[in-house]
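Same order as they appear, the protein sequences are chains A and B. Numbering-wise (our numbering), the first sequence opens with residue 161 and increments by one. Numbering-wise (our numbering), the second sequence opens with residue 3 and increments by one. Built from N, CA and C at the ideal position, the CB exists for glycine as well. Only a predicted model underlies this, so the values are computations on that prediction, with no experimental measurement involved.
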Amino acid sequence: MTNPFLLEIGVEEMPAKYIDEAREELRAKLEQWLNDHRLSYGQAHAFSTPRRLSVIIEELAEEQENMVEEARGPALSIAKNNEGDWTKAAIGFARGQGVDVSDLVEKETEQGTYVFAQKEKKGQSTANLLSNAVALLTTLTFPKSMRWGSERLRYVRPIRWIAAMYGEAVIPYEVAGVQSGRQIEGHRFLGNTVVLDHVHDYEQGLLREHVLVDPEVRKEAIRDQLNMLEEEKDWSIEKDEDLLEEVNNLVEYPTVLNGTFDERFLTLPADVLITTMREHQRYFAVRDNEQNILPFFVTVRNGDHRHLENVQKGNEKVLRARLSDAVFFYQEDQRRSLEHFLEKLDHIVEHESIGSLGDKRKRTAGIARKLALRAGFHEQEVSDGTRAAHLLKFDQSSHMVDEFPELQGIMGADYALKLGEKETVASAIKEHYLPRFNGDDLPSSDVSALVSMADKWDTIVTSFAIGLKPTGSQDPYGLRRQAAAIVQMVDHYDFPVSFEEMLSVVIQEVEEAGFSVNVSEVFTDVSDFFSLRLKALLSERGIAYDVINAVLFKPYGRLDTLLERAVFLQDMYDSSEMKEVAEALGRVNNIAKKVDAPNVSAPEPEVFEKDEETKLYHHYEELKEDFSDLLEKKEITKAWEKLVALVPVIHHYFDCIMVMSDNSRLRENRLNQMAHLSMELNRFARFQELVL
Amino acid sequence: MNVQEVILHLQDYWAKKDCFIMQPYDVEKGAGTMNPMTFLRSIGPEPWNVAYVEPSRRPSDGRYGENPNRLYQHHQFQVIMKPSPDNIQDLYLESLQALGIKPEEHDIRFVEDNWEDATLNAWGLGWEVWLDGMEITQFTYFQQVGGLDADPVAVELTYGIERLCSYIQDKENVFDLEWQDGFTYGDIFYQPEYEHSMYTFNIADLDMLKQLFITYEKEAGRALEEGLVFPAYDYILKCSHTFNLLEAGGAISVTERTGYIARVRKLARKCASIHYANREKLGFPLLKEAKEDAGS
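In structure tokens, the structure reads:
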């Protein structure tokens with residue numbers, strides 16, 4: 161026999177952004193508990209509104225499954241004597257286990273045959289166990305929790321009711337002074353208390369009291385109403401998914417309504433209108449079919465259709481005040497000169513020990529310029545990138561960004577254009593914040609990417625210079641994310657400057673800006689820091705550990721080619737060609753290790769004793785000619801083919817030549833040859849690292 | 003309903019819910035929370051229910067009386083209940099009904115908003131209450147006050163009187179609100195708004211204010227040495243207001259700002275812990291009375 165189980169906790173309004181996770185956590189914990197307790201059940205449905213989290217377990221068995229417990233006794237040789245009768249040892253064991261000695265069973269184990277006592281443990285009744293499931297409510301974790309009244313418990317918000325029912329029966333339990341029962345609250349203003357006779361009545365009972373308790377059903381209801389409104393008015397409503405999710409977690413009974421605002425506010429940039437409406441009021445913006453913003457907004461009320469005009473009027477009034485403020489700030493800002501904004505940046509502190517945003521933009525401009533020159537940008541690009549970096553974050557001193565921080569960059573671009581800056585410069589100011597998170601858009605041009613990289617490089621190196629390194633879960637300035645962003649941009653734009661060159665340029669700039677930098681320490685620390693980022697990024701892309709080790713070693717060189725080589729090796733991983741190449745080249749690398757690499761002198765062809773040496777030397781010379789070039793141009797396949805061609809030459813060499821000759825002159829020359837060849841091969845990978 | 007009727011209704015309502023009706027405190031302050039009837043009384047185990055109007059000064063919000071929503075001084079209606087009652091949300095909604103606002107005819111929301119005051123070393127969790135999209139009340143369960151854990155927890159309701167009235171009276175401009183029939187908010191407050199803004203942004207002697215801050219800070223410290231919490235707290239409030247004037251006058255850089263806040267916070271923390279010790283020495287008198295009430 162089975163019954164459904166309901167667990168609902170009623171709280172004062174939870175923060176919208178906590179609800180989805182808390183609901184899923186409750187479901188998962190309940191299911192885990194049921195499994196741990198050998199309770200069979202059908203489906204688990206989770207529900208939530210701003211005021212409640214709940215789970216219904218369908219077809220929950222009335223009893224635990226029975227279980228056989230086994231206890232190992234003495235070895236058979238000890239349990240029975242030669243006549244096959246039970247010994248004292250066996251009788252004692254059986255008594256201790258509370259079973260009859262005749263019920264002991266013999267079983268083979270790895271250590272030989274033993275006797276076992278088997279006891280059937282009868283499952284307990286579910287109703288008796290379920291109060292422990294109710295107790296799970298107190299184990300939910302929230303980003304922020306609180307205390308209230310005189311209660312000791314910390315919870316997301318004060319607990320107001322708990323319903324715990326198994327079929328028709330209440331499962332009694334108390335949390336923070338609240339006794340569980342069969343009563344749950346309906347809509348705060350439109351509903352009454354629901355007294356459940358049976359778990360089956362849950363959803364319908366709440367619906368009668370104006371609560372759509374299933375979050376998916378509620379979201380669909382909002383979406384349907386939005387669609388109907390679009391059709392009716394011939395609008396296109398910006399159905400921002402995050403906003404829809406948030407709004408869904410702010411209401412129990414959604415009714416979509418719309419309002420209007422004065423057309424004079426349409427002089428504000430679309431981003432300002434959308435942001436003001438979304439961030440401050442949770443409104444959806446409305447566009448026409450040509451994507452122009454219309455002077456309307458759409459919002460979702462927590463209630464029904466009655467007196468909707470009050471709600472509309474109130475919301476219009478609030479929006480009017482907000483937009484009036486925005487217009488005021490927008491106009492104030494436009495009365496200012498660029499110099500005014502830039503001068504004010506000197507008074508905005510980035511970090512006490514790093515300095516002001518004014519200092520930052522100067523350093524960043526220097527970095528951007530040097531990187532652009534190294535990358536061989538055209539003159540125009542160099543000057544655009546430097547200009548954008550020079551104006552970096554100037555909108556931080558504007559009224560608009562002060563009021564709406566999420567408009568940073570957007571306002572900067574808008575004002576820059578109005579102040580006569582070029583389109584490229586304006587969009588670099590806007591896009592230098594990108595990518596803000598893993599999977600975000602990248603800057604849309606290489607000038608924007610250059611500025612974004614310069615900004616991030618500056619943050620990383622200045623932070624390391626003053627000893628602010630991310631540790632464990634501590635990364636308050638998001639340096640890991642910024643390092644990952646740099647790698648992504650280098651990769652996407654084939655930025656042709658090696659990692660080490662970039663880092664040196666940045667350290668130099670930071671030093672010239674007056675930081676006392678322990679150059680070699682910062683260089684090493686930042687390199688190691690990037691190594692971890694690169695490893696993470698490579699394994700995210702499905703690159704195996706040994707492949708990562710084969711390509712990721714100091715100096716890293718160009719990061720874009722490093723990634724490319726890793727992907728190539730990973731693709732080739734299971735091929736026989738790969739096995740052959742790795743084996744042959746690994747031999748070279750292994751022998752080359754015997755030489756002190758940095759001080760190795762060039763092999764001298766006149767010392768060669770055998771043809772194979774000369775032949776390998778010619779191949780080496782030929783490889784050297786364009787191998788690094790091919791790699792930089794990402795002609796990975798061509799570079800690979802060169803390596804493949806080397807394989808028979810190398811094998812032949814080792815067949816005929818003993819590197820560790822007794823003749824020291826020959827030996828040293830051969831080792832030198834190996835070392836030089838190995839250095840060249842390492843441009844592709846350290847093949848000896850591959851575990852094929 | 004004019005402004006003073008709104009205030010009278012709220013006072014009447016909360017008086018019936020066993021709150022002491024107090025008067026505004028006579029030292030300048032930025033928020034009703036800073037009134038000692040809230041800050042000091044929400045510390046420690048003694049029960050405490052109080053309601054009062056607080057004129058709150060925010061010098062940097064001064065706009066010469068030209069902005070329809072921003073004011074140098076606005077009015078808060080403040081309610082504190084300790085320990086927070088289980089039905090506090092219902093009590094609050096009922097207070098709106100007392101003002102003629104029927105929840106089912108509007109859209110009332112409790113939207114997450116956490117509160118923190120760095121100078122008071124106080125924070126709490128709660129909501130801003132939205133009435134048809136307008137924030138009319140800040141609703142906070144104190145978690146820490148003066149660096150001490152709130153135990154039991156006090157709940158604070160702060161109604162924005164001007165916001166609420168502009169909704170009730172359907173006015174766009176705060177200066178058009180009717181304070182009493184026939185007299186507007188502007189009749190009473192336009193001139194002080196203008197003059198305070200003028201003073202704050204153009205006239206204030208910033209060097210003198212910096213000196214005053216130091217003087218007040220010292221005096222607060224001296225009073226605390228003697229265990230005299232209430233006079234010390236008055237000087238802490240004066241420090242806070244002086245700091246606000248200095249900031250509005252542009253006399254404080256961002257780095258300095260942190261330093262000033264830390265100095266006020268240090269005093270507030272000390273004040274809080276001495277106040278707790280003083281009440282403890284007295285045997286938390288209000289706690290006893292509450293128990294006797296319960297017993298009788």
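Item	Value
Interface residues of chain B facing A/Asn-475 [CB-CB closer than 9 Å]	Asp-109, Asp-134, Gly-135, Met-136
Pairwise C-alpha distance: A/Gln-343 and A/Glu-334	14 Å
Span of the beta strand (DSSP E), counted from its first residue to its last, around B/Phe-141	136-147
Residues, ordered as in the chain, of the segment 74-98 of chain B that lie near chain A by beta-carbon distance below 7 Å	Pro-85, Ser-86, Asp-88, Gln-91
Under 7 Å by beta carbon: chain B residues contacting A/Leu-577	Within chain B, no residue comes near A/Leu-577; the closest Cβ sits about 29 Å away, beyond 7 Å.
Closer than 8 Å to chain B by CB, A/Glu-563	no
Member of B/Gly-32, B/Gln-13, B/Lys-31, B/Thr-121 whose CA lies at the smallest distance from the CA of B/Val-52	B/Gln-13
8 Å Cβ cutoff met for A/Asn-749 and A/Ser-838	yes
Cβ shell of B/Val-5 (< 6 Å), same chain only, five flanking positions each side left out	Cys-167, Leu-179, Trp-181
Residues of its chain near A/Gln-769, where Cβ-Cβ distance is below 7 Å and the 5 sequence neighbours each way are ignored	Gln is not the amino acid found at residue 769 of chain A; the sequence shown has Glu there. Here the set comprises Leu-826.
Beta-carbon contacts of B/Asp-189 that lie in its chain and below 8 Å, excluding the five residues immediately before and after	Trp-181
The segment 656-672 of chain A in contact with the segment 618-626 of chain A per 3-pair CB rule at 8 Å	yes
Run of the alpha helix (DSSP H) containing A/Met-853, from where it starts to where it stops	Missing from the structure shown is residue 853 of chain A; chain A here goes from 161 to 852 and no further.
Boundaries of the beta strand (DSSP E) in which A/Lys-279 is found, first to last residue	272-281
DSSP three-state assignment for B/Tyr-161, whether helix, strand or coil	strand
Three-state secondary structure (DSSP) of A/Phe-515	In the sequence as presented, Phe is not what sits at residue 515 of chain A; that position holds Gly. Strand.
Neighbour flag for A/Arg-496 against chain B, beta carbons, 8 Å	no
Neighbour flag for A/Trp-321 against chain B, beta carbons, 8 Å	no
Contact list for B/Tyr-187 against chain A, beta-carbon separation under 8 Å	Going along chain A, no residue has its Cβ under 8 Å from B/Tyr-187, so there is no contact; the nearest lies around 16 Å.
Three-state secondary structure (DSSP) of B/Ala-124	strand
Amino acids of chain A, ordered along the chain, whose beta-carbon sits closer than 8 Å to that of B/Tyr-169	Gly-474, Lys-477
C-beta atoms of A/Ala-323 and A/Glu-168 nearer than 8 Å	yes
Supposed close pair B/Tyr-54, B/Ile-23 - CB separation, criterion 8 Å	7 Å
Minimum Cβ-Cβ distance from A/Glu-395 to chain B less than 8 Å	It should be pointed out that residue 395 of chain A corresponds to Trp in this sequence rather than to Glu. With 8 Å as the cut-off, A/Trp-395 does not count as an interface residue toward chain B.
Min CB distance A/Leu-410 to chain B below 8 Å	yes
Closer than 9 Å at the beta carbon, the chain A residues around B/Ser-255	His-507, Val-509
Counterpart residues of B/Pro-57 in DSSP-defined beta bridges	B/His-77
Partners in chain A for B/Trp-129, counting only beta-carbon separations shorter than 7 Å	Glu-173
Any C-beta of chain B under 8 Å from that of A/Gln-568	no
Per-residue contacts from A/Lys-304 into chain B (C-beta, under 8 Å)	Asn-116, Leu-127
CB contact flag (A/Ala-726, A/Leu-698, <8 Å)	yes
Three or more C-beta pairs below 8 Å linking the segment 215-229 of chain A and the segment 303-310 of chain A	no
Span of the alpha helix (DSSP H) around B/Asp-20	Here B/Asp-20 belongs to no alpha helix (DSSP H), and DSSP marks it neither H nor E.
Coarse secondary structure for A/Leu-148, derived from DSSP in three states	Residue coverage of chain A in this structure runs from 161 to 852, which leaves residue 148 of chain A outside it and unanswerable.
In DSSP terms, what A/Ile-322 is bridged to	A/Ile-169
Residues that A/Val-471 contacts on chain B, provided the C-beta gap is smaller than 7 Å	His-108, Asp-109, Asp-134
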